Amino acid sequence: MIKAKRTQNTVSFWFVHLTRTKSWDKLWVVFKWISRLQLAGHLSLRVQQLDVRCETKTKDNVFVTVVASVQYRALMEKASDAFYKLSNTREQIQAYVFDVIRASVPKLELDSAFEQKNEIAKAVEDELEKAMSHYGYEIVQTLIVDIEPDVHVKRAMNEINAAARMRMAANDKAEAEKILQIKKAEGEAEAKYLAGLGIARQRQAIVDGLRDSVLNFSENVPGTTAKDVMDMVLVTQYFDTMREIGASSKSSSVFIPHGPGAVRDVASQIRDGLLQGNMVLN
1 MIKAKRTQNT
11 VSFWFVHLTR
21 TKSWDKLWVV
31 FKWISRLQLA
41 GHLSLRVQQL
51 DVRCETKTKD
61 NVFVTVVASV
71 QYRALMEKAS
81 DAFYKLSNTR
91 EQIQAYVFDV
101 IRASVPKLEL
111 DSAFEQKNEI
121 AKAVEDELEK
131 AMSHYGYEIV
141 QTLIVDIEPD
151 VHVKRAMNEI
161 NAAARMRMAA
171 NDKAEAEKIL
181 QIKKAEGEAE
191 AKYLAGLGIA
201 RQRQAIVDGL
211 RDSVLNFSEN
221 VPGTTAKDVM
231 DMVLVTQYFD
241 TMREIGASSK
251 SSSVFIPHGP
261 GAVRDVASQI
271 RDGLLQGNMV
281 LN
């Protein structure tokens, strides 16, 4: 005979043993039955957790260790089934987990296995719920808490990821340098354009000033020609240049003719250069 007694979180099972003894008295046999109670064991009704580590292989031939966490509990209305039908509940649950994981993961590649952890957990939970309900157990929740590839595979995956990120960083750096070079070239072109405008305006101002000087001098001094005026202007500019070179503290040593005939030679060279330039243009 079996009796069950429930406390707050456990169910205790008791055996009622009947013992038969023999007593000889006056050639007749008396059978006497003596009963006594013996505790068979306890069954916890609390939610329990079992962590299962299962090694398997993915579709792309990568060995991984899948860690599943199963939360389960015994049902009060099926306490007798939970206590007597299974000798080792945890091993039974572990066997079902192994079976489902080793049937599901080999169909997936490694990246897909990481992405479909919830689907694998759902498949394990459905199979456990269907199997363990016959033994008086309820599967509360099943989780795939980790997928651990081989150490060398994990290192290779990290190196691939690092190389991809370095390639992206190099592309971004090259693009940034390209933009800097373009902006620098645009800035230099703009600077040269503005410098050219400044030089052109400066030369135009010099030409206008020389023309005005020649006209004014010719009008105020009768008998002088334009050539005489240009010689005087060139002499003036020559001495101005000498003064600026001598006054500048950062100027280098420049050796130029400085005799009286040198001015005439300089003027002749300038005129010859202008005439040759006009001939080329024409």
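The numbering of the sequence shown is UniProt numbering, which starts it at 1 and goes up by one. Positions of the beta carbon are idealized from the N, C-alpha and C atoms, including for glycine. Please read these numbers as outputs of a predicted model, since none were measured by experiment.
**Report entry** Close beta carbons around LYS57, own chain, < 7 Å, minus the five adjacent residues each side
**Finding:** PHE63 and PRO106
Query raised in the report: Where GLU77 and ALA131 are concerned, what is the direct C-alpha to C-alpha distance, given to the nearest angstrom?
Result: 17 Å
Report task. Confirm, please, whether the CB-CB distance from TYR96 to VAL140 is below 8 Å. Result -> no
**Report entry** Inter-residue CB distance, ALA68 and LEU143 (contact presumed, cutoff 8 Å)
**Finding:** 7 Å
Requested in this report: Rounded to whole angstroms, what's the CA-CA distance from LEU194 to THR225? Just pull it up for me.
Outcome: 37 Å
Query - Ordered list of alpha helix (DSSP H) runs contained in the stretch 86-170, each at least 4 residues - result: 89-104, 110-115 and 117-132
Query raised in the report: So the beta strand (DSSP E) ASP51 belongs to, where does it begin and stop?
Result: 48-57
Query raised in the report: If SER44 sits next to ALA74, beta carbons under 8 Å apart, how far is it from one beta carbon to the other, in whole angstroms?
Result: 7 Å
Requested in this report: Please confirm if PRO106 has its CB atom under 8 Å from at least one CB of chain D.
Outcome: The chain labelled as chain D is not found in the depicted structure, where only one protein chain is given.
Report task. Look at VAL66 and ILE147 and say whether their C-beta atoms are less than 8 Å apart. Result -> yes
Query raised in the report: Going by the beta-carbon positions, is the gap between VAL153 and ALA123 smaller than 8 Å?
Result: no
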